[in-house]
Amino acid sequence: MHERDNILMEIATFILSAVTSAIIDLSLFSLFCKIFVSEDVATYIMLSSILARIISATYNFFINYTFVFKSNEKIPKAVGKYIMLAMIQMILSTGLTVYWFEKFSYLPEVTVKIVVDGCIFVTNFIVQKYMIFRKKRD
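Quick note on my numbering: the sequence shown kicks off at 178 and runs consecutively.
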């Protein structure tokens, strides 16, 4: 397989991984919003986002480590770096979702979260490929 084909396959599997992770994340986020809904928008969105992200990020790590990037990085080292990325992403996602939901409260929380997380997607690929799941060169 040519280098270009390898890159395209890696991007395609990353997108598939991201889509399945997003389905898990958004489904759980929606469920948790229904469970925790209250007048305190920031609290219930934050709690729902954190719980959903912990579960979806765990799934995403193992799929990306094993199938997408086929990493040679030692798992504990990759986990440490991935947790840092996931925490930064979760803080950005939660904060921006709360902010934009308060501005556009007529939209469902999940719709706002889809837009916010979509904006974070490209940066995640670059960070994961070059910083978290690096391959050793032969």
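Backbone N, C-alpha and C define an ideal beta-carbon position, used for all residues, glycine too.
Start and end of the alpha helix (DSSP H) containing residue i?
i, result
"residue 249", "No alpha helix (DSSP H) contains residue 249, which DSSP labels as neither H nor E."
"residue 223", "218-240"
"residue 308", "Counting along the chain, residue 308 falls outside any alpha helix (DSSP H), and DSSP gives it neither H nor E."
Would residue i be called buried (16 or more neighbouring beta carbons within 10 Å of its own) or exposed?
i, result
"residue 225", "buried"
"residue 255", "buried"
"residue 189", "exposed"
"residue 280", "exposed"
"residue 315", "Low confidence applies to residue 315: its pLDDT is 37, below 50, so where it sits in the model is not reliable, and the reading given next is rough at best. Exposed is the call here."
"residue 286", "buried"
What's the C-alpha gap between residue i and residue j?
i, j, result
"residue 304", "residue 297", "11 angstroms"
"residue 268", "residue 257", "17 angstroms"
"residue 288", "residue 278", "9 angstroms"
"residue 210", "residue 246", "33 angstroms"
"residue 180", "residue 186", "10 angstroms"
Report back the beta-carbon spacing between residue i and residue j to the nearest angstrom; my notes put them in contact at under 8 angstroms.
i, j, result
"residue 263", "residue 234", "4 angstroms"
"residue 249", "residue 194", "With a Cβ gap of about 18 angstroms, residue 249 and residue 194 do not count as contacting."
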